[in-house]
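Here's the structure we're looking at; comments come further down.
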Amino acid sequence: MNFTYATKVDVLLKAQKAIGIPFKYLDKSGRLGRHRNKGGIGQVVEEGHFGYSPNSDAEPDFKAAGVELKVTPYRRNFDGSISAKERLVLNIIDYMTEYESTFEESGFWKKNKSILMMLYEYSVNKAKGDFSISHAFLYEYPLKDLVIIKNDWERIVSKVRAGLADELSEGDTLYLGACTKGTNATSLRTQPFSDKMAKQRAYSLKQSYMTGILRRYIFGNNCDERIIHDVKDLRNASFEELISSRLRPYFGRTRSSLLDEFKINGKSKDASERIIARILGVTGKLSQTEEFRMANILPKTIRLSQNGAPEESMSFKAFKFIELLCQHWEDSDLKELFESTKFMFIVFRIIEDGEQVFEGITFWNMPQSDISEVEKVWLKTVEIIREGVRLRLADNRVYNNFPKSSDNRIAHVRPHARDREDVDELPDGTMTKQCFWLNRTYVMEILKEAGLIRNPKGLYK
DNA sequence: GCATGATCATGC
DNA sequence: GCATGATCATGC
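In short: position in the first sequence from 1, add 3, done, that's the working numbering.
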C-alpha cells in the first residue's frame, strides 16, 4: 500500500513526470527482460517511477488518494486513428463475496472508482524498453457511462447469484466485462450457488470502451452519434430493453413502407440496419453510434424465408490464411470476436415476393460452451491450411476441403470475396478469400430461443 | 429445400 | 479500389 501521495493531484503530478522517459530507464530489477511477464510495464512504473512494490490489494494502489494506477497501451492505425491495444484488466471478481454487496460497496467500485491512466503507444517494431508514457490523466466515469457500467455490474453479479459464474462471458455486458484472467485458461475458482468450478475472471473495461475513452478525451476526435440522450432512461431498464422497447411499435411494418418513410435506398446492403438506426433517431449507421462502438455491438440483418427459417448462414470478415497459421486459438481473432462481441440480430421475414416485414430484434452473444465448439472448426481450418488445402474443380466451381456446415453444429468455412479471382496467399499458392460463417441452422436455434421464429416449418416440421 | 461456391452494392 | 455485409445461383 502506498501513502506517499495524499491527494489525487499529487499522484497525477508525479505520474506526469514519467512522460517521455523510456521504460528501460525505469526498470530497476530487470522486469522487462523477463519472458511472458504481461504486467511487466505496469510493474516497472509502480516500482521504478512511484517506488512501491506491485501488489494485489483490494484497496486502490494509492490508498490515501483513492486512486488505482493503470498503465495501458494504444496503437496508431493506418488511417491515423487511435485504438486501445487491449482491454483494461481490473481486479479479480471474488465470486464468493461480491454478490453480497451493493454496487457502491462492491470490490469493483472500491478499487476502480478513480483510475490514473498512464498511456503509452505500442508499436510492433519497437522494443518494450523504448516505449514511454505519452499521457497521464485521472479517469472517472461520466454519468452516461456509469449507468451502463452499473447495469453491467448487476448483470455479472446476478449471474453469480443464479449459480452461473461458470457461464460468465465478456459479451454478456456492454462496457464492464468479466474477462478470463489467470496463469492459464484453467485457473478455476469456487462459486457460492453451484458446485461447478468457474473460470477465474476479472472485471475489465472492454477494449472497445477503452478505445472510446481515448478518442473522446485524449485524442479528441470522437463525434459519434448517441442513441441514449437521457441517462435516466437507463436507471430502470437495460440498454437492450430500452432499444427493444423503442423499436417495438415498428414490429410488423413492411420493409418497403419503412424504406419510404425514412427515404432509404432499399438496394443498399445495409438498408435494414439504416432503418433501425432511423427509428432510433440516428442519422448515420447504427454500428457507428457511440454506444454500439463502445460496447462492441455488431448489428446483423437476418432474413427469414416464408417458412420462418433464416435464408442464409451468417458471414464475417474474410480471414488471412497466413495470419491464421501464426495464431493460437487462445489469442485468435475468432475467439476474440465471439468472446467480446454482442450481436444485435435484426430480423425481417419474407411475406410475399419482394416484400418483408420487420419481425423484431434480439441481442445475443455466444455462450462459452459454444465458443469451445467453434474452436474445433478453427483448429481444423488451421490444420488444413498447414497441410495444404485440397482444391477440386467441377461444374466450373472450385471446391475445397475446409469444414462444411454439416461437419459442425455451429460454424463452417466458405468463400467470402468479390469474385473467384479475389484471392489471398496460402503457404503454397493462392485461393479465393474465405471467412468463418455461422451455420444457418445455428442462427435458427438462436432466433427460436429468442421467440423470433413463430412458425418454424422447414427443418422443424 | 439445402449446401456451398460465387458475387453484388455500398461506403469509405 | 477494396473491405464489408448481404445475397444470388447451381447441382443434388
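Ideal placement from N, C-alpha and C gives every residue a C-beta, glycine not left out. All values reported here derive from a predicted model rather than from experimental measurement.
When the distance is taken between beta carbons, is residue j closer than 8 Å to residue i?
{"i": "tryptophan 440", "j": "arginine 417", "result": "yes"}
{"i": "tyrosine 144", "j": "alanine 181", "result": "no"}
{"i": "leucine 167", "j": "leucine 141", "result": "no"}
{"i": "serine 408", "j": "serine 308", "result": "no"}
{"i": "lysine 306", "j": "phenylalanine 351", "result": "Lysine is not the amino acid found at residue 306; the sequence shown has arginine there. Taking 8 Å as the Cβ cut-off, arginine 306 and phenylalanine 351 qualify as a contacting pair."}
{"i": "alanine 87", "j": "glutamine 210", "result": "yes"}
{"i": "glutamate 294", "j": "isoleucine 349", "result": "no"}
{"i": "aspartate 175", "j": "alanine 201", "result": "no"}
{"i": "arginine 78", "j": "glutamate 124", "result": "yes"}
{"i": "isoleucine 26", "j": "glycine 132", "result": "Reading the sequence as shown, one finds phenylalanine at residue 26 and not isoleucine. It is a contact, given that the beta carbons lie within the stated cut-off."}
{"i": "valine 380", "j": "alanine 414", "result": "yes"}
{"i": "leucine 289", "j": "valine 234", "result": "no"}
{"i": "arginine 465", "j": "valine 150", "result": "In the structure as shown, the chain begins at 4 and stops at 464. Residue 465 is therefore absent and cannot be evaluated."}
{"i": "alanine 21", "j": "methionine 99", "result": "no"}
{"i": "leucine 328", "j": "isoleucine 388", "result": "yes"}
{"i": "valine 163", "j": "glutamate 243", "result": "no"}
{"i": "proline 313", "j": "valine 446", "result": "yes"}
{"i": "tyrosine 8", "j": "alanine 68", "result": "yes"}
{"i": "glutamate 173", "j": "serine 343", "result": "yes"}
{"i": "valine 360", "j": "threonine 257", "result": "yes"}
{"i": "leucine 72", "j": "aspartate 64", "result": "yes"}
{"i": "valine 70", "j": "valine 14", "result": "yes"}
Quick check on DSSP: helix, strand or coil for residue i?
{"i": "alanine 414", "result": "strand"}
{"i": "asparagine 168", "result": "A small fix is needed here, since residue 168 is alanine in this sequence, not asparagine. Helix at alanine 168."}
{"i": "serine 260", "result": "helix"}
{"i": "glycine 180", "result": "strand"}
{"i": "lysine 272", "result": "coil"}
{"i": "glutamate 243", "result": "helix"}
{"i": "phenylalanine 322", "result": "strand"}
{"i": "glutamine 203", "result": "coil"}
{"i": "methionine 369", "result": "coil"}
{"i": "glycine 432", "result": "strand"}
{"i": "phenylalanine 134", "result": "coil"}
{"i": "tyrosine 402", "result": "strand"}
{"i": "serine 384", "result": "Reading the sequence as shown, one finds threonine at residue 384 and not serine. DSSP places threonine 384 in helix when its eight states are reduced to three."}
{"i": "threonine 75", "result": "strand"}
{"i": "arginine 395", "result": "strand"}
{"i": "phenylalanine 222", "result": "coil"}
{"i": "arginine 251", "result": "helix"}
{"i": "threonine 304", "result": "strand"}
{"i": "lysine 27", "result": "helix"}
{"i": "leucine 237", "result": "helix"}
{"i": "serine 409", "result": "coil"}
{"i": "methionine 442", "result": "Checking the sequence, you will find asparagine at residue 442 rather than methionine. Looking at asparagine 442 - three-state DSSP - the assignment turns out to be coil, as it is neither helix nor strand."}
{"i": "aspartate 175", "result": "helix"}
{"i": "tyrosine 212", "result": "helix"}
{"i": "glutamate 89", "result": "coil"}
{"i": "serine 290", "result": "helix"}
{"i": "phenylalanine 65", "result": "strand"}
{"i": "aspartate 227", "result": "coil"}
{"i": "leucine 283", "result": "coil"}
{"i": "alanine 298", "result": "helix"}
Assign residue i to buried or exposed, taking buried as 16 or more other Cβ atoms, counted over all protein chains shown, within 10 Å of its Cβ.
{"i": "leucine 16", "result": "exposed"}
{"i": "proline 430", "result": "exposed"}
{"i": "isoleucine 354", "result": "exposed"}
{"i": "lysine 74", "result": "This sequence places valine at residue 74; lysine is not what is there. Burial call: buried."}
{"i": "histidine 52", "result": "buried"}
{"i": "leucine 468", "result": "In the structure displayed, the chain extends from 4 to 464; residue 468 sits before or after that span and is not available."}
{"i": "leucine 462", "result": "Note on leucine 462: pLDDT 36, under 50, position unreliable in the model; the coordinate value appears next. Classification of leucine 462: exposed, given that the 10 Å Cβ count is below 16."}
{"i": "lysine 129", "result": "exposed"}
{"i": "leucine 455", "result": "buried"}
{"i": "lysine 460", "result": "Note that lysine 460 has pLDDT 48, beneath the 50 cutoff, so the model's placement of it is unreliable and no number is given."}
{"i": "alanine 165", "result": "exposed"}
{"i": "serine 372", "result": "exposed"}
{"i": "aspartate 30", "result": "buried"}
{"i": "glycine 432", "result": "exposed"}
{"i": "glycine 2", "result": "For the chain, the structure presents residues 4 to 464; residue 2 sits outside this window and is missing."}
{"i": "arginine 457", "result": "exposed"}
{"i": "threonine 193", "result": "exposed"}
{"i": "glutamine 291", "result": "exposed"}
{"i": "tyrosine 178", "result": "buried"}
{"i": "arginine 400", "result": "exposed"}
{"i": "asparagine 268", "result": "exposed"}
Problem - the region 113-132 / the region 85-103 touching (three or more Cβ pairs under 8 Å) - result: Taking one beta carbon from each stretch, the region 113-132 and the region 85-103 have 3 or more pairs nearer than 8 Å; the two touch.
Problem - Segment contact, 8 Å Cβ cut-off, at least three pairs: the region 386-404 with the region 358-371 - result: Between the region 386-404 and the region 358-371 there are fewer than three inter-stretch CB-CB distances shorter than 8 Å, so the stretches are not counted as touching.
Problem - Touching by the beta-carbon criterion (3+ pairs, under 8 Å), the region 366-382 and the region 270-287 - result: Judged by Cβ distances under 8 Å, the region 366-382 makes no contact with the region 270-287, as fewer than three pairs qualify.
Exercise for the section: Identify every run of the alpha helix (DSSP H) within the region 38-62, keeping only runs that are complete inside it and at least 4 residues long; order them along the chain. Expected result: Complete alpha helix (DSSP H) runs here, min 4: 43-47.
Handout entry: Unbroken stretches of the alpha helix (DSSP H), 4 residues or longer, contained in the region 96-125
Key = Listed in chain order, they are 98-101 and 110-115.
Handout entry: beta strand (DSSP E) runs contained entirely in the region 308-360, provided each spans 3 or more residues
Key = Unbroken beta strand (DSSP E) stretches of 3 residues or longer found wholly inside the region 308-360: 317-322 and 345-355, given in chain order.
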